[in-house]
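>
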Amino acid sequence: MTYFKTLPRSRAVFLALTVLGSTLPPTAYAAHAAPTAEHAPIARDTQPDSDTRPVTPHPLKLATWNMDWLMAEDGPLAGTAPPDRPHRTPADFEKLAAYAQHLDADLIGLQEVDSIPTAQRLFPPQAYQIFITQDALLQHPALAVRKSLHVHQNPDVVDLNVAPTAAAHQLRRGLDVTIETGTSPLRVLVLHLKTGCWDTPLSDKKHNCPVLLQQFGVLQNWISARTAAHEAFVIMGDFNRRMTVYDPFFLLLNKAAPLSLTTAGWASPCDNGTYFIDHILLGGTARNWLQPQSLRVMTYKAETDTPTLSDHCAVSVRLTP
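The sequence shown lines up with residues -30 to -1, 1 to 291 when you count with mature numbering (1 follows the signal peptide of the UniProt record, and there is no 0).
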């Protein structure tokens, strides 16, 4: 069932309710947000490597999904995590796994995952490979990759942790991988940036904006390196920033190389309507691979038993390498 809903600073949002039966897996279709009036057409639309089987070109569905403290309740890290984090039952994991199956993406950038075994409860090893950053934190960026794809994990983008060495709270690294698409390699960076600086200007000295600005400087360097190597690339994850094509933080990245902000001009139907902080950016020849009008947001069905899922919805686009 779909309908239009008006939002405060957006003309209209095209919502879809995910319709699941009482049994799994889910059967509904996720929907995309309709463009606002200012929306402009997007430019055309210790871990081993995966196996080296031949690959052939085929469309790719990319998604990013913040899992909101996805942790094994019986795992070694659970006791050291904040007590007010989400606590999930086996039934919650089953429902999340059903949504993951419904998402049916080839590459899923994940945030706030504690380990590979926990991610495999949603993305089973017979279907997906899981890659994760190597930092010693409670939660990590990770990437679930369709098993048929050949993947190489590059060194973590350690510089995204701009916190002082002696700081009690270290920041997350970026996960950097290369995907063989069958035509040209696709470099993928999965990240989760510092929260607080949602939409304030570059000059703001509060709300963690100086920290986020440092992280964007690291991203500028990473983009410049990809551009110098003539690589197609994707940056996706939780930017904790309501970016638009006019946002000064996005413009910093766009100075390093032309980028496509796939969420530009759109509002998200997640949580009854909001602005995107989870983004997928395309650079290099990947900008030409975007399938027009392919942006989607997977929403959750309203349920009386209120399962503990996530406070973010999966955002996806489709590419044709």
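Even for Gly, the Cβ is constructed at its ideal location relative to N, Cα and C.
Do Ala202 and Ser154 come within 7 Å of each other at the CB atom, strictly closer than that value?
Position 184 of the sequence shown, counting from 1, holds the residue named residue 154. Position 232 of the sequence shown, counting from 1, holds the residue named residue 202. Yes, the Cβ-Cβ distance between Ser154 and Ala202 is below 7 Å.
> Could you tell me whether any non-hydrogen atom of the ligand ZN is closer than 6 Å to the CB of Pro29?
For the structure depicted, the ligand ZN is absent and the ligand set is empty, with no information on it obtainable.
> Mind checking which residues open and close the beta strand (DSSP E) that includes Gln81?
For this step, residue 81 is matched to residue 111 along the sequence shown. Run containing Gln81: 77 to 83, per the beta strand (DSSP E) assignment.
> DSSP puts residue 342 in a beta bridge; with which residues?
With the chain running from -30 to 291 in the structure shown, residue 342 is simply not present.
> For Leu231, which beta-bridge partners are listed by DSSP?
One-based indexing of the sequence shown puts residue 231 at position 261. In the DSSP output, where bridge partners are listed per residue, Leu231 has Leu251.
> Can at least three beta-carbon pairs, one atom from the segment 239 to 259 and one from the segment 283 to 290, be found at a separation below 8 Å?
These segments touch.
> List the whole-angstrom C-beta distance separating Arg196 from Gly254, where the pair is believed to meet the contact cut-off of C-beta under 8 Å.
The sequence position of residue 196 within the sequence shown is 226, counting from 1. The sequence position of residue 254 within the sequence shown is 284, counting from 1. That belief holds up - the Cβ atoms of Arg196 and Gly254 are roughly 6 Å apart, short of 8 Å.
> Suppose you measure from the CA of Leu252 to the CA of Val287; what does that come to, to the nearest Å?
For the purposes of this step, residue 252 is taken as the residue at position 282 of the sequence shown. For the purposes of this step, residue 287 is taken as the residue at position 317 of the sequence shown. Cα to Cα, the separation comes out at about 11 Å.
> CB-CB under 8 Å to Ala227, same chain, minus the five flanking residues each way: which ones, in chain order?
As a working note, residue 227 is residue 257 in the sequence shown. Within the same chain, Ala227 has close Cβ partners Ile193, Ser194, Arg196, Thr197, Gly253, Gly254.
> Any contact between the segment 202 to 216 and the segment 163 to 182? By contact I mean 3 or more CB pairs, one from each, below 8 Å.
Touching, yes.
> Does the segment 136 to 149 come into contact with the segment 108 to 124, if we say contact requires no fewer than three beta-carbon pairs (one atom in each stretch) closer than 8 Å?
Yes, the segment 136 to 149 is in contact with the segment 108 to 124.
> To the nearest angstrom, report how far apart Gly79 and Asn178 are at their CA atoms.
Here the question's residue 79 lines up with position 109 in the sequence shown. Here the question's residue 178 lines up with position 208 in the sequence shown. If you take the alpha carbons of Gly79 and Asn178, they lie about 24 Å apart.
> Just how far apart, CA to CA, sit Phe101 and Pro134?
On the sequence shown, residue 101 is found 131 positions in, with the first residue counted as 1. On the sequence shown, residue 134 is found 164 positions in, with the first residue counted as 1. Those two C-alpha atoms are separated by around 26 Å.
> Based on DSSP bridge pairs, tell me the residues matched to Phe101.
For the purposes of this step, residue 101 is taken as residue 131 along the sequence shown, with counting starting at 1. DSSP output for Phe101 lists Leu113 as bridge partner(s).
> Pull up the distance between the alpha-carbon of Gln184 and that of Asp62, whole angstroms please.
Working through the sequence shown from its first residue, we reach residue 184 at position 214. Working through the sequence shown from its first residue, we reach residue 62 at position 92. Near 37 Å, if we compare the C-alpha coordinates of Asp62 and Gln184.
> My output table needs one value for Arg196: the three-state DSSP class, helix, strand or coil.
Working through the sequence shown from its first residue, we reach residue 196 at position 226. Residue state, collapsed to three classes: helix.
> State the Cα-Cα distance for the pair Gln261 and Pro46, rounded to the nearest angstrom.
Reading the sequence shown from its first residue, position 291 is the one you call residue 261. Reading the sequence shown from its first residue, position 76 is the one you call residue 46. Distance between the alpha carbons of Gln261 and Pro46 is about 42 Å.
> For Asp62, report the span of its alpha helix (DSSP H) as first-last.
Working through the sequence shown from its first residue, we reach residue 62 at position 92. 60 to 73 is the span of the alpha helix (DSSP H), which, as asked, contains Asp62.
> For the beta strand (DSSP E) that contains Phe203, what are its first and last residues?
Reading the sequence shown from its first residue, position 233 is the one you call residue 203. 202 to 208 is the span of the beta strand (DSSP E), which, as asked, contains Phe203.
> Any chance the segment 83 to 91 sits against the segment 115 to 132, with 3 or more Cβ pairs inside 8 Å?
The segment 83 to 91, when compared against the segment 115 to 132, does not touch it at the 8 Å Cβ threshold.
> For Asn124, which three-state DSSP category applies?
Within the sequence shown, numbered from 1, the residue matching residue 124 stands at position 154. DSSP places Asn124 in coil when its eight states are reduced to three.
> For Glu150, write down the residues that DSSP places opposite it in a beta bridge.
As a working note, residue 150 is residue 180 in the sequence shown. In DSSP, Glu150 forms a bridge with His120.
> Ignore the nearest five residues each way along the sequence and tell me which others in Phe186's own chain have a CB closer than 7 Å to its CB.
Position 216 of the sequence shown, counted from the start, is the residue given in the question as residue 186. So the qualifying residues of the chain are Phe219, Leu222, Leu223.
> Measuring straight from C-alpha to C-alpha, what distance separates Cys34 and Ala256?
Within the sequence shown, residue 34 is the residue found at index 64, counting from 1. Within the sequence shown, residue 256 is the residue found at index 286, counting from 1. The residue you asked about is not Cys; residue 34 is Thr in the sequence shown. For Thr34 and Ala256, the distance between alpha carbons rounds to 17 Å.
> With distance defined between alpha-carbon atoms, name the residue in Pro94, Ala237, Pro53, Asp241 nearest to Ala68.
Along the sequence shown, one-based indexing puts residue 68 at 98. When only C-alpha atoms are compared, the closest one is Pro94.
> How far does the alpha helix (DSSP H) with Leu223 in it extend, from its first residue to its last?
Numbered from its first residue, the sequence shown carries residue 223 at position 253. Leu223 -> alpha helix (DSSP H) spans 218 to 226.
> For the alpha helix (DSSP H) containing Pro87, name the first residue and the last one.
Taking the sequence shown and counting its residues from 1, the one referred to as residue 87 is at position 117. Start and end: 86 to 90.
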